[in-house]
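J.: Everything in the sequence shown is counted per the working numbering, starting at 3 for the first residue and increasing by one. Cβ atoms here follow ideal geometry from the backbone N, Cα and C, with glycine treated the same way. These numbers were taken from a predicted model, which means no experiment stands behind them.
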Amino acid sequence: MKHLPVLLVLGFALSLCNLSNKLKPSSNSGGSGKGDSDIQAEQAKPTAAQTAALAGGQTVKWDRQGMSWTVPPKWTETENESKMLTWRSPGGSEAANLIVSISPMDESFPADISIKAYYDGAKTRAKNGEVDEVKWLEIDGLKGVEFREINPEKPDDFRRLQWLAYRKYNGQLQFVNVMLSSNGIGFAQHQDAMYGVLYSTKLVH
Numbered sequence: 003m004k005h006l007p008v009l010l011v012l013g014f015a016l017s018l019c020n021l022s023n024k025l026k027p028s029s030n031s032g033g034s035g036k037g038d039s040d041i042q043a044e045q046a047k048p049t050a051a052q053t054a055a056l057a058g059g060q061t062v063k064w065d066r067q068g069m070s071w072t073v074p075p076k077w078t079e080t081e082n083e084s085k086m087l088t089w090r091s092p093g094g095s096e097a098a099n100l101i102v103s104i105s106p107m108d109e110s111f112p113a114d115i116s117i118k119a120y121y122d123g124a125k126t127r128a129k130n131g132e133v134d135e136v137k138w139l140e141i142d143g144l145k146g147v148e149f150r151e152i153n154p155e156k157p158d159d160f161r162r163l164q165w166l167a168y169r170k171y172n173g174q175l176q177f178v179n180v181m182l183s184s185n186g187i188g189f190a191q192h193q194d195a196m197y198g199v200l201y202s203t204k205l206v207h
C-alpha cells in the first residue's frame, strides 16, 4: 500500500496530455531527438533562494539510470528501482516529493513529435487555467518541457512541478519524467527547494 500514492501521482502525470492517439508511430516518424535544434529553451539557472534551499543537502545518485540530484537535508529515499526513484522531505501530506520515472521507448517512437505535443498540451492546459507556468527548459544539456500546475482548489490536493524530456541512454530511447510535488498547503513552503532540486538534475544522455 505504501506505493499507491506514488503510482496514483505518476498515473495522473503520464496521462496529462492524452497523447496516445497522436503518437502512434508512422512510416516517417524519426524519434531520434535530432529535430529539437530549432527549439529555444531557457537554461535551468536556480535563483539565490533556490540554491539556499539546498544548502547542506546531499547528493542523490541513481546509478542504474546515470542520473543524480541535490536534495535538502533530511530528505529520505522511499523507492529505488530500475525505472522509478522517489525521495521525500519530512512531513505528512504537506511533504515535498521527488518522483522520477523512466519509460523505455521503441527506436521508431516519434520523440520529436511527442515532446512538442507535450508542450502544446501544457500550453492548452495553461489557457484552460490548469497550469500557471509552461516553458521549454534545458537541464544539463537536455531540452524538455517544464510546467507547473496552479494551486488546487482543495488544499489537500496535489500540486505538481514537472519536467519531461527524451534522451538516449545505453543505446535506448527513454522518456524521462521528473516530478516535484506537494499538496496545496505544502507547495509554497517547499517551492524554492523543489525548483532547486529540479535544476540540479544531472543525467547521462
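For ALA46 and GLN193, I'd like the C-alpha separation in whole angstroms.
T.: 15 Å
J.: Rounded to whole angstroms, how far is the Cβ of SER105 from the Cβ of PHE177, which I believe are closer than 8 Å?
T.: 4 Å
J.: From THR203, GLN191 and LYS204, pick the residue whose C-alpha is nearest to that of ALA51; which is it?
T.: GLN191
J.: For ARG162, which of GLU44, GLU155, VAL147 and GLY186 has the nearest alpha-carbon?
T.: GLY186
J.: Which residue spans inside the segment 44-126 form an unbroken beta strand (DSSP E) run of at least 3?
T.: 60-64, 69-73, 78-82, 86-90 and 99-107
J.: Within its chain, find whatever has a CB closer than 6 Å to the CB of CYS19; leave out the 5 residues flanking it on each side and keep chain order.
T.: Confidence is the limiting factor: at CYS19 the pLDDT is only 41, short of 50, which leaves the residue's position unreliable, though a coordinate-based value still follows. For CYS19, where only same-chain residues beyond five positions count, the Cβ hits under 6 Å are TYR120 and GLY123.
J.: Just to confirm the assignment: which complete beta strand (DSSP E) runs, minimum length 3, are found wholly within the segment 135-173?
T.: 144-151 and 160-171
J.: Which residue marks the beginning of the alpha helix (DSSP H) containing ILE187, and which one marks its end?
T.: 186-201
J.: Count the other CB atoms, across all protein chains shown, that sit within 10 Å of the CB of GLY188; report buried if there are 16 or more and exposed otherwise.
T.: buried
J.: Residues in its own chain within less than 6 Å of SER91 by CB, not counting five upstream and five downstream?
T.: TRP77, ALA97 and ALA98
J.: Tell me, please, which residues DSSP counts as bridged to LYS204.
T.: SER70
J.: May I ask you to list the residues that DSSP assigns as paired with ASN179?
T.: SER103 and LEU166
J.: For TRP165, which option in LYS85, ALA113, ASP40 and TYR197 has the closest C-alpha, if you only look at C-alpha atoms?
T.: TYR197
J.: So, is ARG150 buried or exposed, given that buried needs 16 or more other C-beta atoms within 10 angstroms?
T.: Around the beta carbon of ARG150, 16 or more other beta carbons sit within 10 angstroms, so the residue counts as buried.
J.: Looking only at its own chain, which residues have a Cβ that is under 8 Å from the Cβ of GLU132, when we skip the five neighbours before and after it?
T.: GLU151 and ILE152
J.: If you check the beta carbons only, do PRO75 and GLY58 fall under 7 Å apart?
T.: Yes, the Cβ-Cβ distance between PRO75 and GLY58 is below 7 Å.
J.: Note down, in chain order, each residue of its chain lying with its Cβ closer than 7 Å to the Cβ of LEU200, except the 5 sequence neighbours on either side.
T.: LEU163, TRP165, VAL180 and LEU182, listed in sequence order.
J.: Does the distance from the C-beta atom of LEU56 to that of ASP142 stay below 7 Å?
T.: no
J.: Could you compute how far the alpha carbon of VAL62 sits from the alpha carbon of THR72?
T.: 6 Å
J.: From ILE41, ALA195, GLU155 and GLY68, pick the residue whose C-alpha is nearest to that of SER103; which is it?
T.: GLY68
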